[in-house]
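Colleague: Structure provided below as structure tokens; questions to follow.
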Amino acid sequence: MSVLDVLLAIIFYPPIWQLLILGFGGALLIAIVAVWFERKAAARVQRRIGPYWASPRLGGLLHLVADMMRYMFQQVIIPRTVDYFPFLVAPIVGMAVSILPFAVVPLTANPSYWPLPPGLMEYSLLLALAISTLPPIFLIVAGWAANNPFTIVGGVREAFIILAYELIAILSLLAPAITVGSFNIVEIVQAQGFFKWFIILNPLAFLAAVIAIAMSTSAFPFEIPESEPEVVAGPFTEYSGILYALNMGGAYMRRFAFSLIASLVLLGGWYPVVPGEGVVMGYLLPSLVVVAKAALVTLAISFLRAVYGRYRLDQALDLAWRLVLPLTLLAILLALIEAYLGIVQPVKPDAAPCKYLLLIYSPRELLVLDYISGL
Amino acid sequence: MPPKAVAKTLPRRGGLFTGVTDNLAALMIGLKYFVNPRRFSIYYPKEYPELRQGYRGFIILNKAKCISCAACARICPSAAMKMIRVPVPHPKEPEKKVTKQFPVINYQRCIFCGYCVDICPTEALYHVNYHDIVYDNLAEMFWDLETFQKEPEYKTALEGTPVRLLIHEEYGLVKIPARGVREDGE
């Protein structure tokens, strides 16, 4: 056993690789790149240049890094009238919760690298969807804690939007589970195989999911409560400095986390890579493929800024309740018909005991040894 | 009798099909310009559009020609121009002082309409073709009589290159290097 093995064991320990490196680090990177892409794509379509002067050779990519540094060192102003504790905690917990779906979804079919024991993995899709409904609570808390008519109205508008999208998102992402007959994400991905992705089998569900992701994360046609270019930024009017950056970046991270679930259940997950044995084939490549697909979905949703203007609140609610919700129900119907016809065959993944759980309950040396034996 | 409240409804334009096709068309236009952009921007401090003669830029006073008629201050629609009294030597007896009125300008209010230049009977006021001068504070935008007589220093012209702009149907904005803008014959 060499040092390299120990390092690999630590890096590819699922909570570290999946939640910290791909989850937090990847989401931070995606947030920066998505903001940059959003501005550059909108500028390209609207006959402008976009961010340019900071690092012209990179197309202004470092502009966003500079922005992040500025947010980090800006003075955080906390008005005297706010409810101090929730005001401070809401953006931090909101962002922490928004990347939590990474902690429960499997990024490979190899059971050694599942983040949950096989018994819990049976319900991984339900768990991920349940966790993804948590962050909007903290947006409303942020608006309420700022104790200001504008922010409270912003929070109420946010609540309207949340009520509209939540049902659509959950139903449209559960449609593949109906077709396959399982809440296990591994089973759903393996049932899709190489060609029978649910974007082809059930395009209505994908369309509804994309609209729901855009609504949930204030992507452009639905950027109603927090309209960033304006003075009153919905629930975040009173925020400044790093707290505002957390709020703003949190939306992009939530978009990425939702895109991850969508790319697993609708876009064929880790296919075309078939997970095998070992770290590289079993965990590294499949997880990177999944994250790349999620990044593509995130960037595609960011591109909408170039095309759409902002809806009014009543237009967005009208769209959600009168058009997209029936569309989602149609997607469910389609999923039921496909389940009846037996278009996809569920493949039971072999559920070997999860190696890394032994890590938690055994002494330290043993844990590493035990984990490496599974590599 | 209070006016009767009437609920107005806007006619709905098109149906579901029109909505879907309109959205798709918008997305296709977006993709088209994303693949093949037509940019209308110029990199401003490095390039700047060449301004023609007669451009209504900053206004400068030629004090020697001014006859104190105050037509400029009267015509000014935004009241940017005011007359001030300045002691000057008497034209026939130089040891005697008389007060004469001269215009001064407040560039916080000026809208660059050029009425003052048009109405001036002796052409004492004239435009220079500069329009982008930055001030550190608002007080600098009140020009006193001395400042009003000097042409402002045009820093952009020292850093950037002048271009001439053409709008092309196919390629968007076309930039042609302007020649003959500099005094040194380039």
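Chains as they are written, first to last, in this note's numbering: chain U, 25 to 399; chain A, -13 to 172. Virtual Cβ for every residue (Gly too), placed ideally from N, Cα, C. Computed from a predicted structure; not experimentally measured.
Report the residues of the stretch 50 to 79 of chain U with a CB closer than 7 Å to any CB of chain A, ordered along the chain.
Modeller: Taking 7 Å as the Cβ-Cβ cut-off against chain A, the residues of the stretch 50 to 79 of chain U that qualify are 65, 68, 69, 71, 72 and 73.
Colleague: Given this structure, state the Cα-to-Cα distance separating residue 237 of chain U from residue 279 of chain U, to the nearest angstrom.
Modeller: Spanning the two alpha carbons is a distance of roughly 6 Å.
Colleague: In the stretch 149 to 164 of chain A, which residues sit with their C-beta less than 7 Å from some C-beta in chain U, listed in chain order?
Modeller: Listed by position along the chain: 158.
Colleague: Per DSSP, which one or two residues make a beta bridge with residue 158 of chain A?
Modeller: DSSP lists A:154 as partners of residue 158 of chain A.
Colleague: Buried or exposed: residue 68 of chain U, going by 16 or more other Cβ atoms within 10 Å of its Cβ?
Modeller: Answer is buried; the Cβ neighbour count reaches 16.
Colleague: Looking at residue 71 of chain A and residue 94 of chain A, is the spacing between their C-beta atoms short of 7 Å?
Modeller: No; because the gap between Cβ atoms is not below 7 Å, this pair is not in contact.
Colleague: Looking at the structure shown, is residue 377 of chain U part of a helix, part of a strand, or coil, going by DSSP?
Modeller: No answer about residue 377 of chain U holds up, because its pLDDT of 48 lies below 50 and its placement is not dependable.
Colleague: Which residues in chain A sit within 7 Å of residue 331 of chain U, going by Cβ to Cβ distance?
Modeller: Per Cβ cutoff of 7 Å: 12, 13 and 16.
Colleague: Smallest Cα separation from residue 174 of chain U: which of U:262, U:212, U:360 and U:347?
Modeller: When each option's Cα is compared against that of residue 174 of chain U, the closest is U:262.
Colleague: So is residue 283 of chain U buried or exposed if we call it buried at 16+ other beta carbons inside 10 Å?
Modeller: Burial call: buried.
Colleague: Would you list the residues sitting across from residue 33 of chain A in a DSSP beta bridge?
Modeller: A:147, per the DSSP bridge assignment.
Colleague: List the residues of chain U whose Cβ lies closer than 7 Å to the Cβ of residue 27 of chain A, in chain order.
Modeller: Those within 7 Å of residue 27 of chain A in chain U are 72 and 73.
Colleague: Measuring straight from C-alpha to C-alpha, what distance separates residue 47 of chain A and residue 91 of chain A?
Modeller: Answer to the nearest angstrom: the Cα atoms are 10 Å apart.
Colleague: Please check if any C-beta of chain A sits within less than 7 Å of the C-beta of residue 378 of chain U.
Modeller: For residue 378 of chain U, the predicted structure reports a pLDDT of 48, less than 50, and the residue's modelled location is therefore unreliable. The matter cannot be settled from this model.
Colleague: Kindly list, in the order they appear in chain U, the residues whose Cβ is closer than 9 Å to that of residue 19 of chain A.
Modeller: Simply 68, 69, 70, 71 and 330.
Colleague: Straight-line CA distance for residue 77 of chain U to residue 89 of chain U?
Modeller: Roughly 13 Å separates the two Cα atoms.
Colleague: For residue 11 of chain A and residue 5 of chain A, what's the separation of their Cα atoms in angstroms?
Modeller: Rounded to whole angstroms, residue 11 of chain A to residue 5 of chain A spans 10 Å at the Cα level.
Colleague: Hey, is residue 23 of chain A's beta-carbon within less than 7 Å of any beta-carbon in chain U?
Modeller: Cβ-Cβ to chain U under 7 Å: yes for residue 23 of chain A.
Colleague: How would you call residue 321 of chain U, buried or exposed, if buried means at least 16 neighbouring beta carbons within 10 angstroms?
Modeller: Result: buried.
Colleague: Which residue's Cα is closest to the Cα of residue 63 of chain A: A:1, A:97, A:119 and A:115?
Modeller: Considering only alpha carbons, the answer is A:97.
Colleague: Applying the 10 Å Cβ sphere with the 16-neighbour rule, what's the burial state of residue 304 of chain U?
Modeller: Answer is exposed; the Cβ neighbour count stays below 16.
Colleague: Do the CB positions of residue 146 of chain A and residue 32 of chain A come within less than 7 Å of each other?
Modeller: Yes, the pair counts as a contact, with Cβ atoms nearer than the cut-off.
Colleague: Which residues share a DSSP beta bridge with residue 87 of chain A?
Modeller: A:71.
Colleague: So, at 6 Å on beta carbons, what are the nonlocal neighbours of residue 186 of chain U in its own chain, with the 5 sequence-adjacent residues on each side left out?
Modeller: Taken in chain order, the residues that qualify are 160.
Colleague: Give me the residue from U:122, U:162 and U:94 with the minimum Cα distance to residue 113 of chain U.
Modeller: It is U:162.
Colleague: Between which two residues does the beta strand (DSSP E) holding residue 112 of chain A run?
Modeller: Start and end: 111 to 113.
Colleague: Counting only C-beta atoms, is residue 6 of chain A closer than 7 Å to chain U at any point?
Modeller: For residue 6 of chain A, the answer is no, since every Cβ of chain U falls outside 7 Å of its Cβ.
Colleague: Identify every residue that forms a DSSP beta bridge with residue 182 of chain A.
Modeller: No statement about residue 182 of chain A is possible, as the shown extent of chain A runs from -13 to 172 and does not include it.
Colleague: Between the C-alpha atoms of residue 23 of chain A and residue 126 of chain A, what's the straight-line distance to the nearest angstrom?
Modeller: In a straight line, the C-alpha of residue 23 of chain A is about 41 Å away from that of residue 126 of chain A.
Colleague: Measure the C-alpha to C-alpha separation of residue 18 of chain A and residue 361 of chain U and round it to an integer number of angstroms.
Modeller: Approximately 37 Å between the Cα atoms of the pair.
Colleague: Thinking C-alpha only, which one of A:74, A:83, A:26 and A:100 is nearest residue 154 of chain A?
Modeller: Comparing Cα positions, the closest option is A:26.
Colleague: Check the C-beta distance from residue 286 of chain U over to residue 225 of chain U and give it rounded, since I have them as a contact under 8 Å.
Modeller: Their Cβ separation, rounded to whole angstroms, is 14 Å, which puts residue 286 of chain U and residue 225 of chain U out of contact at 8 Å.
Colleague: Residue 343 of chain U lies in the beta strand (DSSP E); which residues open and close that run?
Modeller: No beta strand (DSSP E) holds residue 343 of chain U; DSSP gives it neither H nor E.
Colleague: Do residue 41 of chain A and residue 123 of chain A come within 7 Å of each other at the CB atom, strictly closer than that value?
Modeller: Taking 7 Å as the Cβ cut-off, residue 123 of chain A and residue 41 of chain A do not qualify as a contacting pair.
Colleague: If distances are taken between C-alpha atoms only, which option among A:156, A:140, A:139 and A:160 comes closest to residue 149 of chain A?
Modeller: The shortest Cα separation from residue 149 of chain A among A:156, A:140, A:139 and A:160 belongs to A:160.
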